[in-house]
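Taking it in order: structure first as structure tokens, then the write-up.
There are 2 protein chains.
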Amino acid sequence: MGRATIHDVARAAGVSVSTVSKALNDNGRMAAETRARIKQVAEDIGFRPNALARGLLFNRSFTIGLLTNDTYGRFTLPVMAGVSEALVDKGVSVFLCAIEDDPALGKIHVDAMLDKQVDGIIATGKRIDRSLPVDLSGLPVPVVYAFTQGAPDSVTLTSDDAQGAGLATDWLLGIGRRRLVHVTGPQDFASVRERATAFRAHAGAGAEVLCGVWAERWGHEAVAQLWERDGEKPDGIFCGNDQIARGVIDALRERGIRVPQDVSVIGFDNWEIMADQARPPLTSVDMNLKELGKEAGRTVLALAEGKIIEPGLRKLPCRLVVRQSCGGGSA
Amino acid sequence: MGRATIHDVARAAGVSVSTVSKALNDNGRMAAETRARIKQVAEDIGFRPNALARGLLFNRSFTIGLLTNDTYGRFTLPVMAGVSEALVDKGVSVFLCAIEDDPALGKIHVDAMLDKQVDGIIATGKRIDRSLPVDLSGLPVPVVYAFTQGAPDSVTLTSDDAQGAGLATDWLLGIGRRRLVHVTGPQDFASVRERATAFRAHAGAGAEVLCGVWAERWGHEAVAQLWERDGEKPDGIFCGNDQIARGVIDALRERGIRVPQDVSVIGFDNWEIMADQARPPLTSVDMNLKELGKEAGRTVLALAEGKIIEPGLRKLPCRLVVRQSCGGGSA
DNA sequence: TCAAGATGAGAAAAGCTTTTCTCAAAGAAT
DNA sequence: ATTCTTTGAGAAAAGCTTTTCTCATCTTGA
Numbered sequence: 001m002g003r004a005t006i007h008d009v010a011r012a013a014g015v016s017v018s019t020v021s022k023a024l025n026d027n028g029r030m031a032a033e034t035r036a037r038i039k040q041v042a043e044d045i046g047f048r049p050n051a052l053a054r055g056l057l058f059n060r061s062f063t064i065g066l067l068t069n070d071t072y073g074r075f076t077l078p079v080m081a082g083v084s085e086a087l088v089d090k091g092v093s094v095f096l097c098a099i100e101d102d103p104a105l106g107k108i109h110v111d112a113m114l115d116k117q118v119d120g121i122i123a124t125g126k127r128i129d130r131s132l133p134v135d136l137s138g139l140p141v142p143v144v145y146a147f148t149q150g151a152p153d154s155v156t157l158t159s160d161d162a163q164g165a166g167l168a169t170d171w172l173l174g175i176g177r178r179r180l181v182h183v184t185g186p187q188d189f190a191s192v193r194e195r196a197t198a199f200r201a202h203a204g205a206g207a208e209v210l211c212g213v214w215a216e217r218w219g220h221e222a223v224a225q226l227w228e229r230d231g232e233k234p235d236g237i238f239c240g241n242d243q244i245a246r247g248v249i250d251a252l253r254e255r256g257i258r259v260p261q262d263v264s265v266i267g268f269d270n271w272e273i274m275a276d277q278a279r280p281p282l283t284s285v286d287m288n289l290k291e292l293g294k295e296a297g298r299t300v301l302a303l304a305e306g307k308i309i310e311p312g313l314r315k316l317p318c319r320l321v322v323r324q325s326c327g328g329g330s331a
Numbered sequence: 332m333g334r335a336t337i338h339d340v341a342r343a344a345g346v347s348v349s350t351v352s353k354a355l356n357d358n359g360r361m362a363a364e365t366r367a368r369i370k371q372v373a374e375d376i377g378f379r380p381n382a383l384a385r386g387l388l389f390n391r392s393f394t395i396g397l398l399t400n401d402t403y404g405r406f407t408l409p410v411m412a413g414v415s416e417a418l419v420d421k422g423v424s425v426f427l428c429a430i431e432d433d434p435a436l437g438k439i440h441v442d443a444m445l446d447k448q449v450d451g452i453i454a455t456g457k458r459i460d461r462s463l464p465v466d467l468s469g470l471p472v473p474v475v476y477a478f479t480q481g482a483p484d485s486v487t488l489t490s491d492d493a494q495g496a497g498l499a500t501d502w503l504l505g506i507g508r509r510r511l512v513h514v515t516g517p518q519d520f521a522s523v524r525e526r527a528t529a530f531r532a533h534a535g536a537g538a539e540v541l542c543g544v545w546a547e548r549w550g551h552e553a554v555a556q557l558w559e560r561d562g563e564k565p566d567g568i569f570c571g572n573d574q575i576a577r578g579v580i581d582a583l584r585e586r587g588i589r590v591p592q593d594v595s596v597i598g599f600d601n602w603e604i605m606a607d608q609a610r611p612p613l614t615s616v617d618m619n620l621k622e623l624g625k626e627a628g629r630t631v632l633a634l635a636e637g638k639i640i641e642p643g644l645r646k647l648p649c650r651l652v653v654r655q656s657c658g659g660g661s662a
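Same order as they appear, the protein sequences are chains E and S.
Using the working numbering, read the first sequence as starting at 1 and increasing by one per residue.
Using the working numbering, read the second sequence as starting at 332 and increasing by one per residue.
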């Protein structure tokens, strides 16, 4: 019972364990024929080295911890998938630690990870301007922050909100829209402020920004505000997330305004389930969260291997996913 | 550098490592005063035993693997959180393995988990009538399936679709609705069939079931079908998910039909972000996925400890979350 | 006072893998 | 034929913790 050990292979091949080890790791000197035979026996027997024993020996567990306080959101899941994907072919597995917003739970999880000798920790959350309720400074392993507020002098990865906003704004300008408005979320989000600044920089200082909440009804309401006052109406609306965009599109339709013929709308997040189901489907800025997760994985691994990575905030570019709500597609 | 080992504690306390071990684990015979002193030293020094070494010794890694092919969906995240929560205070950590729908990737992850000597594996997915693209039978560790199709003779946990549908139907009947309709997703989903059967059993064999797709526009369309034909109109609509319910509510509003005064609507999934933002907020059936995850965690741990759990399909009850789309709330 | 029992603490082995040393045998060169 | 070199393979230690023995010392009873 149990899994085959290197001793089983040695016995089956009629050699010593050290010879088996050397054969399998292409180490040491030995007859090529012996090496091949041992490899064959190991394969036949289904031997795979015990990672616990290797970890003990190398002081390296080939394991990292992923800490998140977001158990429902749509942001962390792609990040996690990216981390997992980046590390799996390096033989590194990922501990998932859901800590809610509970500092005590956070500490328990961090201690458990350290006990298990993780090679590093990635912290991720639901908002890039809030930090996790747990102190990760002074740990004996490297820490990388992804899509959450990092400690000073740490390596922190986020999406580039300004660049994403610029992408959307330029696209609207590129297809000939001139009267642009940005309808977005609450101003206390750093993302909101950064996107708004970039929007104004690209669209012109006079371009209007309406802050509200992250909800469809705010999209409705913003359209009402914009259309029920005097003056020129916008012909391009860049929204702070896909839900707001969804509300905007619905409100425009209810007013008989055609999207994209009369007004172009762009969302943010590229939340497929929302963007695809909007009528018309929503052009949206994608934050490349999976890519961000991959990068976080690669980075923490590099740090674990002793490579020097300059600390600081690194912003990864967004991309624009073109659907029909905007016009100007290549089709 | 590195973490303190039991040898460091022994040296600091002026005793042997075996004495330290016995002191900390409340094992063996020794002077109470010695024991207390050693414990104090260990605490001061910040000693925590190396889980790799313990794992090697006990043939137990205090680790389980969580396999999922759902990297974007909203079903697995609460399941994962539940698993993590159930196991953290047993000292068990969870490996997250995102395998997409790739059998090769699945095998790699399973092998990696076995290498790391996981005590068990939980498989979870995005659909309870599809199985993961990887064979988990004949593994040397116990496997529990949660919210995905399990192998024959395995322990499989899902939500009780029939009971959930019954809950919703009875609620509608209980508040006096008599002309009920069930608007749901594609019939090739087992969940759809099961809920429909339960709906008919509770609402009467003649009660109508409309199958379509899992999308808002289908909710719209179903309302159009129902209202644009002759005969009595429904006064209670039970929807197969919250997106459909959302479409139904919007379509009713557009027709001037009041929810909940004229028609009661109930959704399924209790997807907060959708249910809360509907106008009015949606009463919905919650599958208790976090609870399901917890149960899966407890079960796999029990199996890992050698307890006998009868194999088979276990269905965990749903609950109804009452908001305003239905009337009949206690308020 | 001597033997027997109780008590406290250390030595060693096990769990699995890898690496460094060591050693023996075979082949080559003188 | 003898010595040196090369080659092939095994022994042992390290990495950390726990448990089972074993041993020495102290106490107690006869």
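For glycine and all other residues, C-beta sits at the position ideal for the given N, C-alpha and C.
Computed from a prediction, not measured in an experiment: that's the story for all the values here.
- For the 9 Å CB-CB criterion, P234 of chain E and V209 of chain E do not form a contact.
- Interface criterion not met: the Cβ of G138 of chain E is under 9 Å from no Cβ in chain S.
- Among the residues of chain S, none has a CB under 7 Å from the CB of V17 of chain E; the nearest is roughly 16 Å distant.
- Using beta-carbon distances, C97 of chain E counts as an interface residue toward chain S, with a partner under 9 Å.
- Residue state for V540 of chain S is assigned as strand, using DSSP reduced to three classes.
- According to DSSP, residue pairing for F530 of chain S in a beta bridge does not occur.
- Judged by DSSP in its simplified three-state form, T630 of chain S adopts helix.
- K107 of chain E: member of the alpha helix (DSSP H) spanning P103 to D115, first to last residue.
- Under DSSP, Y145 of chain E takes part in a beta bridge, and its partners are E:A123 and E:T156.
- Residue contact with chain E for P642 of chain S: absent (no Cβ-Cβ distance below 9 Å to any residue of chain E).
- For A98 of chain E, the three-state secondary structure derived from DSSP is strand.
- Contact annotation: V410 of chain S and V441 of chain S have beta-carbon atoms that are not nearer than 9 Å.
- In terms of beta-carbon proximity, T515 of chain S stays away from the interface with chain E, with every pair separated by 9 Å or more.
- Take G404 of chain S, set aside five residues on each side of it, and the residues of its chain with a beta-carbon closer than 7 Å to its own are K457, in chain order.
- The C-beta distance from A454 of chain S to L398 of chain S rounds to 5 Å, short enough to meet the 8 Å contact threshold.
- DSSP places D230 of chain E in the coil class of the three-state scheme, outside both helix and strand.
- Within the model, the alpha-carbon separation for Q243 of chain E versus V285 of chain E is close to 13 Å.
- A direct Cα-to-Cα measurement between Q261 of chain E and R510 of chain S gives close to 42 Å.
- For the beta strand (DSSP E) assignment, the uninterrupted runs of no fewer than 3 residues enclosed by the segment 228 to 290 of chain E are, from N- to C-terminal side, 236 to 239, 264 to 268 and 283 to 286.
- For K116 of chain E, the number of other beta carbons within 10 angstroms of its own is at least 16, and it is reported as buried.
- Inclusion of A606 of chain S and V652 of chain S in the CB contact set at 9 Å is warranted, their separation being smaller than that value.
- Interface criterion met: the Cβ of F393 of chain S is under 9 Å from a Cβ in chain E.
- Around the C-beta of D561 of chain S, fewer than 16 other C-beta atoms lie within 10 Å, and the residue is accordingly described as exposed.
- Residue contact check for A606 of chain S against chain E: no CB pair falls below 9 Å.
- Residue-level contact check: E272 of chain E touches chain S, since one or more beta carbons of chain S fall below 9 Å from its beta carbon.
- Residues G55, V92, S93, V94, F95, K116, Q117, V118 and D119 of the same chain have their beta carbon placed closer than 8 Å to that of T63 of chain E, with the five preceding and five following residues left out of the count.
- The alpha-carbon separation between L292 of chain E and G658 of chain S amounts to approximately 44 Å.
- The alpha-carbon of K646 of chain S is positioned some 28 Å away from that of E547 of chain S.
- Among the residues facing chain S, V88 of chain E is included, as its CB has a counterpart in that chain under 9 Å away.
- DSSP links H513 of chain S through a beta bridge to S:V540 and S:F569.
- Put simply, of S:I439, S:I430, S:K421 and S:V414 the residue whose alpha carbon is nearest the alpha carbon of A98 of chain E is S:V414.
- Taken in chain order, the whole alpha helix (DSSP H) runs of length 4 or more contained in the segment 343 to 398 of chain S are 348 to 355, 363 to 376 and 382 to 389.
- Around L503 of chain S, the same chain offers L511, G567, F569, S595 and I597 as residues with beta carbons nearer than 7 Å, after the five sequence neighbours per side are excluded.
- Spatial neighbours of V544 of chain S in its own chain (CB-CB distance under 8 Å, excluding positions within 5 residues in sequence) are listed in chain order as G516 and P517.
- Going by C-alpha positions, A203 of chain E is about 10 Å away from H182 of chain E.
- When C-alpha distances from N400 of chain S are compared across S:N358, S:A499 and S:S462, the shortest belongs to S:S462.
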